[in-house]
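Reading through the structure tokens given below for one structure.
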Amino acid sequence: MRVDGTRIGQVAMEKPEAKAKPEAPAASHAKGGDVVISSHASRIAQAASDDQTARAAHVAVIRTQVQSGQYKVDYHKLAQKMVDDNFGLGK
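The sequence shown begins at -3 in the working numbering and counts up one residue at a time.
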């Protein structure tokens, strides 16, 4: 590759501040440091909260069964999950 030194001055150098910046979506009802959460984000947050509540209830049931000696391990199911996870077949 050959660089022609006489034409180097003709090359327009682009300044970083001259680049077009993507504009953030306008939040007309947000003021100052307020945070506005979209309805989609609110639904996601609610679903996560619901999942945590359901999981906590499930864990409480299992904890009670373990403490009372009623919880029984399904060793075949446990072994199958271990094999599936080892080979990347699990969730």
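Where a beta carbon is used, it is the ideal one built from N, C-alpha and C, also for glycine.
Quick caveat, the model's predicted, so the values are computed rather than measured.
Between residue i and residue j, what straight-line distance do the alpha-carbon atoms span, to the nearest angstrom?
i, j, result
"ASP88", "SER64", "Since the displayed the chain opens at -3 and closes at 87, residue 88 lies outside it and no answer follows."
"ASP80", "ASP70", "15 Å"
"MET91", "SER34", "The requested residue 91 does not occur in the structure, where the chain is confined to residues -3 to 87."
"ALA23", "ALA44", "Confidence at ALA23 is low in this model, with a pLDDT of 49, below 50, so the placement of that residue should be treated as unreliable; the coordinate-derived value is given next. Their Cα atoms are separated by approximately 25 Å."
"LEU85", "LYS73", "14 Å"
"VAL62", "ASN82", "27 Å"
"ALA56", "ALA50", "10 Å"
"TYR67", "ILE58", "7 Å"
Counting along the chain, where does the alpha helix (DSSP H) carrying residue i start and finish?
i, result
"SER64", "35 to 64"
"ASP81", "71 to 82"
Determine whether the Cβ of residue i lies closer than 8 Å to any Cβ atom of chain B.
i, result
"GLY84", "Protein chains in the displayed structure number just one, and chain B is not present."
Using C-beta distances below 7 Å, list every residue in its chain close to residue i, excluding the 5 sequence neighbours before and after it, in chain order.
i, result
"ALA75", "none"
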